[in-house]
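I have placed the structure first, in the form of C-alpha cells, so that the comments after it can refer back to it.
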Amino acid sequence: MAGYGMLIIKKLVDSRVKTAMEIVPASLENIRLGAEILKRGGLVAFPTETVYGLGAVSFFPEAVARIFEVKGRPRFDPLIVHIASQEMAFSLWQRVDSRVEILMKKFWPGPLTLVLPKKEVVPDIVTAGLPTVAVRMPAHPVALSLIRMVDLPIAAPSANRFGRVSPTSAEAVKKDLGNRVDLILDGGKCELGIESTVLLMEEGRFFLLRPGALSVEELEAVVGKVEMVSSSRRILSPGMTRKHYAPSLPLYLFEGEVREFPLSEFGNFAVLAPFPICEQGENVFVLSQKGDLKEAASHLFALLRELEKSSFQGIIALPVEEKGLGRAIMDRLKRAASGLVKVEQGKVVFIDK
Ligand code: TXA
Ligand code: MG
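Just remember that the working numbering sits 376 ahead of the position in the sequence shown, which is counted from 1.
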C-alpha cells in the first residue's frame with residue numbers, strides 16, 4: 377500500500393509541477409505534497425509568522441536559481457535559510473559563539489535571523505557569494521512541518537516580486553508571482569506581518585542588518601549592545617537597498633508633529649497613520665486603533681497592498697517613534713517613500729528623494 381500511496385503522490389506532484397500553480401489550504405496532506413515538490417527541486421510558497429516565504433531546498437542550486445528568476449531578484453542579494461532544529465543550523469554554520477546559542481535558545485523559533493560564517497556545504501548562490509549564511513527557525517507550524525518533512529534546510533526569501541512589499545497572505549503571493557511557483561500553501565494571514573530582524577555576529581560584536589519583528593531592545597536585554605549598521609556598511613546586508621519596499625502609489629513620509637498634521641490639505645491622498653490621529657476622515661487609515669505597535673506592524677504591508685488598488689493620488693504616511701517595533705515600521709516606510717512632505721510657513725512642500 378505504501379508503494380501505491382507513493383505513486384499517487386508522484387502523480388500529483390507530476391501534474392502539479394507541470395500545471396499552473398494554485399493556492400491550497402495547508403492541510404497535512406498538502407504540506408506533504410509541498411515537501412515532495414521541494415524534494416524534486418520545485419518551488420513552494422509557505423506561511424511563516426512574519427511573511428510568506430518562497431522556498432527551495434537550499435542544497436539544490438538550480439532550484440535556488442529559480443527563486444531569483446521568479447522574484448526578479450538580483451543575484452547579489454542573499455537568501456535566508458530556514459531550519460527546523462538547532463542541529464540543522466549547526467550543519468550550516470562553521471562555529472557558534474555561546475552568545476549566539478543563548479539567542480537561539482531564547483528567540484527560536486521566532487522572527488530572528490542570525491548571520492554567521494558558513495560551512496562549505498552551503499551553495500554560493502544561496503549566500504550570493506558571501507562567506508556568511510543567514511539562518512532562521514520560523515515559528516509557524518506549517519513552515520516547521522514542511523521543513524521537517526523535507527528534512528533539509530529551505531532557502532526562502534519573502535514571496536514577492538523584487539521591489540514589492542512582502543506578502544502577508546496567500547492571495548498576495550498569488551497576485552505577485554502568478555503561476556510561476558509550483559504550489560502555494562495557504563496558512564491564513566501572517567501573525568506578525570513584518571519580516572524578521574537580521575543580526576550579524578562578527579568578531580564578537582552584534583550588528584543590526586535589518587530591523588524587524590523582534591525589537592533591538594529585546595535583543596539587547598539578552599546580549600548587550602547591538603550596533604546599528606551605518607548606511608555605508610549596509611552592503612553587509614545587500615538586500616537593504618534604499619528603495620526596497622515600494623508600493624505602486626507614491627508614498628511621502630510626513631515630517632513634523634503628528635498633532636499638527638494638516639489633514640484638510642490632503643483630500644486626494646490616503647493618510648496612513650500608525651496610531652489614531654485627532655481628526656477623522658474617510659481617507660485616514662489607522663494601523664492600530666488601540667495604539668499597539670505590534671498590531672500596527674502586522675497591518676502595514678496588507679494596508680499598503682490594499683491602498684495600491686485605490687484611486688488615491690498617493691499615500692501620506694505619518695511617523696511613529698523609532699523605538700521597539702516602531703523602528704521596523706519606520707524602516708519600511710522610509711524604504712517605501714518617494715520622498716518627504718512637510719509644512720513650511722503654512723505651505724505644504726513635497727521633497728522627492
Ligand atoms: O521574515 C523573514 O525574514 C522572511 C521570511 C520568509 O522568513 N524572509 C525574508 O527574506 O524577508 P528576504 O530574502 O526578503 O530578506 C532577507 C534579508 C535581505 O535583506 C538579505 O540581504 C539579508 O537578509 N541577508 C541574507 N543573507 C545574508 C548574509 N549572508 N549577510 C547579510 N545579509 C544577509
Ligand atoms: Mg524580501
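All C-beta atoms in this analysis are idealised placements derived from N, C-alpha and C, irrespective of residue type, glycine included. Just so you know, these numbers come straight off a predicted model, no measurement behind them.
Length of the line joining the Cα atoms of residue i and residue j
i: valine 696; j: isoleucine 705; result: 8 Å
i: proline 454; j: threonine 503; result: 4 Å
i: isoleucine 691; j: glutamate 658; result: 13 Å
i: valine 433; j: serine 686; result: 38 Å
i: leucine 565; j: serine 545; result: Note on identity: in this sequence residue 565 is lysine, with leucine being the wrong assignment. So the two alpha carbons sit approximately 5 Å from each other.
i: glutamate 567; j: phenylalanine 661; result: 20 Å
i: valine 557; j: glutamate 438; result: 14 Å
i: lysine 601; j: glycine 418; result: 41 Å
i: valine 599; j: glutamate 641; result: 46 Å
i: leucine 694; j: glutamate 496; result: 46 Å
i: glutamine 656; j: threonine 489; result: 39 Å
i: serine 474; j: glutamate 579; result: 13 Å
i: leucine 716; j: lysine 723; result: 14 Å
i: arginine 524; j: arginine 416; result: 16 Å
i: leucine 520; j: leucine 576; result: 23 Å
i: glutamate 633; j: arginine 449; result: 37 Å
i: proline 652; j: lysine 718; result: 19 Å
i: glutamate 463; j: phenylalanine 444; result: 27 Å
i: alanine 414; j: alanine 441; result: Residue 414 is actually leucine in this sequence, not alanine. C-alpha separation (whole angstroms): 14 Å.
i: alanine 673; j: alanine 649; result: 11 Å
i: proline 623; j: leucine 629; result: 13 Å
i: phenylalanine 637; j: glutamate 631; result: 9 Å
i: proline 626; j: glutamate 477; result: 42 Å
i: valine 446; j: cysteine 654; result: 44 Å
i: isoleucine 530; j: leucine 639; result: 46 Å
i: phenylalanine 435; j: proline 499; result: 6 Å
i: valine 393; j: serine 461; result: Because valine 393 sits at a pLDDT of 49, beneath the cut-off of 50, its placement in the model cannot be relied upon, and the point is left open.
i: leucine 683; j: lysine 551; result: 15 Å
i: alanine 396; j: leucine 430; result: Its pLDDT being 45, under 50, alanine 396 is placed unreliably in this model, and the coordinates cannot settle the point.
i: isoleucine 501; j: valine 605; result: 24 Å
i: lysine 729; j: phenylalanine 677; result: 21 Å
i: phenylalanine 688; j: leucine 584; result: 35 Å
Spatial neighbours of residue i in its chain, beta-carbon cut-off 8 Å, leaving aside the 5 residues before and after
i: glutamate 547; result: Ile399
i: proline 507; result: Pro493 and Lys494
i: leucine 679; result: Leu648, Phe661 and Leu663
Cutoff 6 Å; reference residue i; Cβ partners in own chain excluding five residues on either side
i: alanine 465; result: Ile459 and Val511
i: tryptophan 484; result: Met513
i: glutamate 671; result: Ser664
i: tryptophan 469; result: Leu492
i: glycine 486; result: Ala515
Bridge partners - residue i, DSSP secondary structure assignment
i: valine 420; result: Gly431 and Leu559
i: alanine 597; result: Alanine 597 pairs with nothing; no bridge assigned.
i: histidine 675; result: BP columns for histidine 675 are empty, so no partner.
i: methionine 604; result: Leu584
i: serine 534; result: Gly429
i: aspartate 728; result: Gly715
i: tryptophan 469; result: Lys494
i: methionine 577; result: Phe582
i: glutamate 720; result: Lys723
i: glycine 690; result: Phe645
i: alanine 510; result: Ile456 and Val491
i: serine 627; result: It should be noted that the sequence gives leucine, not serine, for residue 627. Beta-bridge pairing links leucine 627 to Ile691.
i: proline 401; result: Asp562
i: valine 660; result: Val647
Burial state of residue i, where buried means 16 or more other Cβ atoms lie within 10 Å
i: isoleucine 727; result: exposed
i: lysine 710; result: buried
i: aspartate 707; result: buried
i: alanine 713; result: buried
i: leucine 412; result: Sequence inspection shows glutamate at residue 412; the leucine mentioned does not correspond to that position. Burial call: buried.
i: valine 457; result: buried
i: glutamate 571; result: buried
i: aspartate 527; result: exposed
i: glycine 505; result: exposed
i: alanine 597; result: exposed
i: lysine 481; result: exposed
i: glycine 554; result: exposed
i: arginine 635; result: exposed
i: valine 491; result: buried
i: arginine 681; result: buried
i: phenylalanine 452; result: exposed
i: glycine 667; result: exposed
i: valine 509; result: buried
Own chain residues within Cβ distance below 7 Å of residue i, not counting five before or after
i: glutamate 720; result: none
i: valine 549; result: Ala421, Tyr428, Ala535, Pro543 and Ile560
i: histidine 516; result: Pro423, Thr424, Glu425 and Gly563
i: proline 587; result: Thr573, Arg703, Ala704 and Asp707
i: glycine 410; result: Val420, Phe422, Leu522, Leu559 and Leu561
i: isoleucine 407; result: Val518, Ser521, Leu522, Met525 and Leu561
i: arginine 581; result: Glu603
Item to check | Contact the stretch 402–419 vs the stretch 561–579: 3+ CB pairs below 8 Å | outcome: yes
Checklist entry - Looking at C-beta atoms only, is the number of pairs between the stretch 529–545 and the stretch 639–657 that lie closer than 8 Å three or more? => result no
Checklist entry - Between the stretch 591–602 and the stretch 698–715, do three or more beta carbon pairs fall short of 8 Å? => result Inter-segment contact for the stretch 591–602 and the stretch 698–715 is present: three or more beta-carbon pairs are separated by less than 8 Å.
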